[in-house]
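Taken in order, these protein sequences are the chains called U and L.
Numbered according to the working numbering, the first sequence spans residues 97 to 179.
Numbered according to the working numbering, the second sequence spans residues 289 to 549.
Quick reminder that beta carbons are idealized off the backbone N, C-alpha and C, glycines included.
Here the structure comes first, spelled out in structure tokens, and everything after it is commentary.
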Amino acid sequence: MPRIVVDVMPKPEILDPQGKAIVGALPRLGFTAFSSVRQGKRFELLVDGEVTEEILAQARDAAETLLSNPVIEDVVNVEVVEA
Amino acid sequence: MTELPLIGEAIAVAAEPRLAGARIGVVTFPGTLDDRDAARAVRLAGATPVPLWHADTALGDVDAVVIPGGFSYGDYLRAGAIARFAPLMSQIIDAANSDAKLPVLGICNGFQILTESHLLPGSMIKNDHLKFMCRDQVLRVENSNTAWTLDYEAGQEITVPLKNQDGQYIADEKTLDALEAEGRVVFRYVGFNPNGSRRDIAGISNTAGNVVGLMPHPEHAVEVGFGPETALSGGAGIGGSDTDGLGFFTSVLTKIVGGAK
Chain U
97 MPRIVVDVMP KPEILDPQGK AIVGALPRLG FTAFSSVRQG KRFELLVDGE VTEEILAQAR
157 DAAETLLSNP VIEDVVNVEV VEA
Chain L
289 MTELPLIGEA IAVAAEPRLA GARIGVVTFP GTLDDRDAAR AVRLAGATPV PLWHADTALG
349 DVDAVVIPGG FSYGDYLRAG AIARFAPLMS QIIDAANSDA KLPVLGICNG FQILTESHLL
409 PGSMIKNDHL KFMCRDQVLR VENSNTAWTL DYEAGQEITV PLKNQDGQYI ADEKTLDALE
469 AEGRVVFRYV GFNPNGSRRD IAGISNTAGN VVGLMPHPEH AVEVGFGPET ALSGGAGIGG
529 SDTDGLGFFT SVLTKIVGGA K
């Protein structure tokens, strides 16, 4: 069954407190190559049957209205992934 | 929600007959924590609390609404994001935007729900220090002309409990400038910014002043002996009194009965 994957990230201008905590923890485990971390969200919307343009449009709409808050987040990707 | 005060004195304006007819709705979502305290604050202020359920499709006969704190839907997705689409919220949004301008107060998670509903601008993200914080907090009342602050003086400092994890208020600079210019910053943190909120903002209002949201909890500071530990109540804590929050609930009654400053 196909899935629609939606990726949401905090807006670039917004300091991401969780990412900041993660980047602070990485060197303690010996991972020293990373200067910054930003934490986002991935949603997988399962579709029964074929993903039509209409269903994809619904997913984009849902991504903007419920899955993300446009004040603090950007929808950076909406794509269909075949199982 | 018919319990009588168990403790302290039934203070201030309680039981003025003209106010007992005032009906203040208190909304409960799955995961709401402070609905009973909010209802109690309404009763102590002299009005009648009306329990409202998130799945209700009609608002009924209420003169104002309090959206209390807690963790509606476990804060899943984003704090307040799922509660915002509850059937009752559509009713509240319409009533708040209508000509009648229903007074709406959002406390903590209620504030988060109001920003997710776009009744108030901006949003809350995780505290800058990443920890849950619970403390008595001094606030300055910057605007005493909203439906929920009429009984305070502009510039008055009050002490109420604060407890949150996602309490950092943010908005873009343009929105912040507009809020300041229009007097819509209603409360500011004094002495200590507990969560990294932009410009020390603790609470804001909509343009009309009927919708107010804030992160701290006035409903926990309404009874003698059970509010913040202040010097006045015999505690060693910060200034203020332990009933500093009661003014929110008497203010809206002043508004409802048409009182002016």
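- Here L:GLN425 is actually not in contact with L:PRO356; their C-beta atoms are around 17 Å apart, not less than 8 Å.
- Here DSSP, grouped into helix, strand and coil, assigns L:ASP488 to helix.
- Here L:LEU390 has ALA383, ALA384 as same chain residues with Cβ atoms under 6 Å from its own Cβ, once five neighbours each way along the sequence are excluded.
- Per the C-alpha coordinates, the member of L:GLY313, L:ASN498, L:THR316 positioned closest to L:TRP436 is L:ASN498.
- When Cβ-Cβ separations below 9 Å define contact, L:LEU502 makes no contact with chain U.
- By the rule that beta-carbons nearer than 9 Å mark a contact, U:GLN114 touches chain L.
- Partner residues in the beta bridge of L:ALA352, as assigned by DSSP, are L:ILE312.
- Nearest in C-alpha terms to L:LYS419, of all of U:LYS137, U:PRO123, U:MET97, U:ALA117, is U:ALA117.
- In chain order, ASN165 make up the part of chain U whose C-beta sits under 8 Å from the C-beta of L:GLU404.
- In this structure, L:LEU407 and L:VAL315 do not form a Cβ contact; the two beta carbons are roughly 13 Å apart against a cut-off of 8 Å.
- Ranked by how close their Cα comes to the Cα of L:SER405, the residues U:VAL177, U:ASP170, U:ASN165, U:ASN173 have U:ASN165 in first place.
- Annotation for L:ASP351: ALA310, ARG311, ILE544 place their beta carbon closer than 6 Å to its own, counting only its chain and skipping 5 residues before and after.
- A residue is called buried when at least 16 other Cβ atoms come within 10 angstroms of its Cβ; L:GLY546 does not meet this threshold and is exposed.
- Around the beta-carbon of L:VAL540, 16 or more other beta-carbon atoms lie within 10 Å, marking it buried.
- Sequence-ordered contacts of the segment 376-390 of chain L with chain U are nonexistent [C-beta pairs closer than 7 Å].
- Assignment of alpha helix (DSSP H) within the segment 389-414 of chain L, counting only whole runs of 4 or more residues, yields 397-404 in chain order.
- The secondary-structure analysis by DSSP pairs L:THR320 across a beta bridge with L:GLY358.
- Leaving aside the five residues that flank L:PHE317 on each side, the residues in its chain whose CB is nearer than 6 Å to its CB run, in chain order, HIS342, SER360, ALA371.
- Here U:PRO106 carries a strand assignment [DSSP, helix/strand/coil].
- Around the beta carbon of L:LYS462, fewer than 16 other beta carbons sit within 10 angstroms, so the residue counts as exposed.
- Within 8 Å of the CB of U:LEU125, no CB atom of chain L is found; the nearest one sits about 18 Å away.
- Counted as a single uninterrupted DSSP element, the stretch harbouring U:ASN173 is not any alpha helix (DSSP H) but the beta strand (DSSP E) occupying residues 169-177.
- When C-alpha distances from U:ILE168 are compared across L:LEU332, L:ALA333, L:THR403, L:MET503, the shortest belongs to L:THR403.
- Chain-order list of chain U residues neighbouring L:ARG366: ASN165, by C-beta distance under 7 Å.
- Nearest neighbour of U:GLU178 by Cα position, chosen from U:LEU142, U:SER131, U:GLU160, U:PHE130, turns out to be U:LEU142.
- L:GLU468 sits in a helix when the DSSP states are folded into three classes.
- For U:ALA117, at least one C-beta of chain L is nearer than 9 Å to its own C-beta.
- Here the alpha carbons of L:ALA327 and L:ALA335 stand approximately 9 Å from one another.
- Per DSSP, reduced to three states, the secondary structure at L:THR434 is coil, with no helix or strand assignment.
- In chain order, ASP344, THR345, ALA346, LEU347 place their CB closer than 8 Å to the CB of L:GLN379, counting only its own chain and leaving out the 5 sequence neighbours on each side.
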